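Colleague:
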Amino acid sequence: MRQRSLAALAMAAALAVTSAGCTVERHWGGGSNAGGGGKAKVGLVTKTDTNPYFVELRAAAKAAAEANGAEFSALAGQFDGDNDGQVRAIENLMQQGANTILITPSSSTGVLDAIDRARKAGVLVIALDTATEPDTAVDATFATDNFEAGRQQGAYVKAALAGKPPKLFMVDGTAGSTVDTQRHTGFLKGIGLTDASPEIKGKTPANGDQSLAQQGVENLLQRTTDINAVYTMNEPMGRGTYAALQARGLVNRIVMGSIDGGCEGVKNVRDGQYAATVMQFPKKMAEQGVLAAVEYAKTGKKPSGFVDTGSAVITDKPIPGVESQDTKWGLENCWGTK
């Protein structure tokens, strides 16, 4: 009877994790969440477990944890914007005894209460890739300077237009995300426009999704095809935008940029789907996050502030005044499947 009861409890615990809408990489037993005990127990919470960018982030974090003797567990929301799933993931990791949680928040504000509870319990919380709002909600942020990445994209598109006034579509990400806001405003800075500029002929949100981007741009093209430039917040949306433009025979007269630097995105640039992408370095974010977790577990020392992990324009059409690397370099340094 006792064996059946224990088995039922184990099954209930497994179902609780499954019903949380999170994907489990590995987990450990419970224990104290505070650092200084010597053993790093690192939990990673990503926006999804399917986007290639977050797949790379998870793989890099897991490899760094194994290389540095840390225990590792990874959970994810079911979709970009699944704040409830991320909150449950944080709670699960705390129950498992994590002393560091690395998180790419789907919303800059949607998980703040859960993060606050974790920090009060002694957990080191580091944002990767996406900053919280305010940024002081976490102990530190290791990420691309997304405003600068957007500015680099905007500066390239402006230069590539060679003096022609922009007629611009903007394909944005998830509303409320600091990544979306910072890249959007950075791009406008780089191209020399504001949100109220008449040169912007249309905007569409696409939540980082290729299909949503294609659908959104198709809708915009029903209003006007008189455009010569497109901003895309990430490369999956760049591919969706390209499909919509190609169907209308517009790709050869439009300068399109993107941001990510995945190997597929670099190949897109090489093959002419868009003119340039801005590469970021998720492996560096993950590795630095894990190393900070190991240090915290050993000594109790926490990192603080924002750490820029860098970005680089990738294009085979270099323009004077815009620092860039070609796609050969990009394929040597990209993330994802080469």
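Numbered per mature numbering (1 follows the signal peptide of the UniProt record, and there is no 0), the sequence shown spans residues -19 to -1, 1 to 319. Backbone N, C-alpha and C fix where the C-beta goes; we use that ideal spot for every residue, glycine too. In this text, all values refer to a predicted model and were calculated from it rather than measured experimentally.
Please confirm whether Thr85 and Thr111 have their CB atoms less than 8 Å apart.
Modeller: As a working mapping, residue 85 is identified with position 104 in the sequence shown. As a working mapping, residue 111 is identified with position 130 in the sequence shown. Going by C-beta atoms, Thr85 is nearer than 8 Å to Thr111.
Colleague: Please classify Phe287 as buried or exposed, where buried requires at least 16 neighbouring CB atoms within 10 angstroms.
Modeller: On the sequence shown, position 306 is the one that residue 287 refers to. Exposed, because fewer than 16 other Cβ atoms sit within 10 Å of the Cβ of Phe287.
Colleague: What three-state label does DSSP hand Tyr34 in the structure shown?
Modeller: What you label residue 34 is simply residue 53 of the sequence shown in a count that begins at 1. Helix.
Colleague: With a threshold of 16 other CB atoms inside 10 Å of the CB of Ala156, please say whether the residue is buried or exposed.
Modeller: Along the sequence shown, read from residue 1 onward, the residue named residue 156 stands at position 175. It is exposed - the Cβ of Ala156 has fewer than 16 other Cβ atoms within 10 Å.
Colleague: For Ala118, which option in Met151, Asp94, Ala136, Gly103 has the closest C-alpha, if you only look at C-alpha atoms?
Modeller: On the sequence shown, position 137 is the one that residue 118 refers to. Closest by alpha carbon: Asp94.
Colleague: Whose CA, out of Lys28, Ala40, Ala46, lies closest to the CA of Gln59?
Modeller: For this step, residue 59 is matched to residue 78 along the sequence shown. Among Lys28, Ala40, Ala46, the Cα nearest to that of Gln59 is on Lys28.
Colleague: Taking the runs of the beta strand (DSSP E) that are 3 residues or longer, which of them lie wholly in the region 57 to 87?
Modeller: Within the region 57 to 87, the complete beta strand (DSSP E) runs of at least 3 residues are 81 to 84.
Colleague: According to DSSP, Ile240 sits in a beta bridge with which residue or residues?
Modeller: Position 259 of the sequence shown, counted from the start, is the residue given in the question as residue 240. Beta-bridge pairing links Ile240 to Val259.
Colleague: If you compare alpha carbons, which of Glu216, Ala224, Tyr212, Gly91 is closest to Glu199?
Modeller: One-based indexing of the sequence shown puts residue 199 at position 218. The option with the nearest alpha carbon to Glu199 is Ala224.
Colleague: Evaluate the contact criterion for the region 42 to 51 versus the region 265 to 273: three or more CB pairs, one atom per stretch, below 8 Å.
Modeller: Yes, the region 42 to 51 is in contact with the region 265 to 273.
Colleague: How big is the Cα-Cα spacing for Gly302 and Thr318?
Modeller: The residue labelled residue 302 in the question sits at position 321 within the sequence shown. The residue labelled residue 318 in the question sits at position 337 within the sequence shown. Their backbone Cα atoms lie some 31 Å apart in a straight line.
Colleague: Out of curiosity, what's the CA-to-CA distance linking Val92 and Lys170?
Modeller: Mapped onto the sequence shown, residue 92 falls at position 111. Mapped onto the sequence shown, residue 170 falls at position 189. Spanning the two alpha carbons is a distance of roughly 29 Å.
Colleague: Take Asn127 as the anchor and find which of Asn73, Lys145, Val259 has the nearest alpha-carbon.
Modeller: In the sequence shown, residue 127 corresponds to position 146, counting from 1. The shortest C-alpha separation from Asn127 is found at Val259.
Colleague: To the nearest whole angstrom, what separates the beta carbons of Ala210 and Val138, a pair I think is in contact under 8 Å?
Modeller: Translated into positions along the sequence shown, residue 210 becomes position 229. Translated into positions along the sequence shown, residue 138 becomes position 157. Confirmed, Cβ separation roughly 5 Å.
Colleague: How far does the alpha helix (DSSP H) with Ser192 in it reach, from first residue to last?
Modeller: Residue 192 sits at position 211 when you count from the first residue of the sequence shown. Looking at the DSSP string, the run of the alpha helix (DSSP H) that includes Ser192 is 191 to 202.
Colleague: Quick check on Lys43: buried or exposed, where buried means 16 or more other Cβ atoms within 10 Å of its Cβ?
Modeller: On the sequence shown, position 62 is the one that residue 43 refers to. Classification for Lys43: buried.
Colleague: Using three-state DSSP, classify Lys182 as helix, strand or coil.
Modeller: Taking the sequence shown and counting its residues from 1, the one referred to as residue 182 is at position 201. Correct three-state label for Lys182: strand.
Colleague: Under 8 Å between the Cβ atoms of Gly173 and Ser192?
Modeller: Here residue 173 corresponds to residue number 192 of the sequence shown, with the count starting at 1. Here residue 192 corresponds to residue number 211 of the sequence shown, with the count starting at 1. Cβ atoms of Gly173 and Ser192: not closer than 8 Å.
Colleague: Could you tell me which of Arg229, Asp307, Asp289, Glu276 sits nearest to Ala256, measuring between CA atoms?
Modeller: Taking the sequence shown and counting its residues from 1, the one referred to as residue 256 is at position 275. Per the Cα distances, Asp307.
Colleague: Pull up the distance between the alpha-carbon of Ala57 and that of Val160, whole angstroms please.
Modeller: Here residue 57 refers to the residue found at position 76 when the sequence shown is read from its first residue. Here residue 160 refers to the residue found at position 179 when the sequence shown is read from its first residue. The straight-line gap from Cα to Cα measures roughly 18 Å.
Colleague: Could you please give the first and the last residue of the uninterrupted beta strand (DSSP E) stretch that includes Thr162?
Modeller: Within the sequence shown, residue 162 is the residue found at index 181, counting from 1. Taken as a continuous stretch (DSSP letters only), Thr162 belongs to no beta strand (DSSP E), being part of the alpha helix (DSSP H) at 159 to 172.
Colleague: Determine the direct distance from the alpha carbon of Asn215 to that of Arg204, and round the result to whole angstroms.
Modeller: Position 223 of the sequence shown holds residue 204. Position 234 of the sequence shown holds residue 215. C-alpha separation (whole angstroms): 23 Å.
Colleague: Comparing C-alpha positions only, which one of Ala55, Val104, Val236 sits nearest to Ala143?
Modeller: Counting from one through the sequence shown, the residue named residue 143 turns up at place 162. Ala143 has its Cα closest to that of Val236, out of Ala55, Val104, Val236.
Colleague: I'd like to confirm the pairing. Which residues does DSSP put opposite Tyr212 in its beta bridges?
Modeller: Taking the sequence shown and counting its residues from 1, one reaches residue 212 at position 231. For Tyr212, which the question treats as bridged, DSSP gives the partners Met151, Gly238.
Colleague: Please state whether DSSP places Glu114 in a helix, a strand or coil.
Modeller: Position 133 of the sequence shown holds residue 114. Looking at Glu114 - three-state DSSP - the assignment turns out to be coil, as it is neither helix nor strand.
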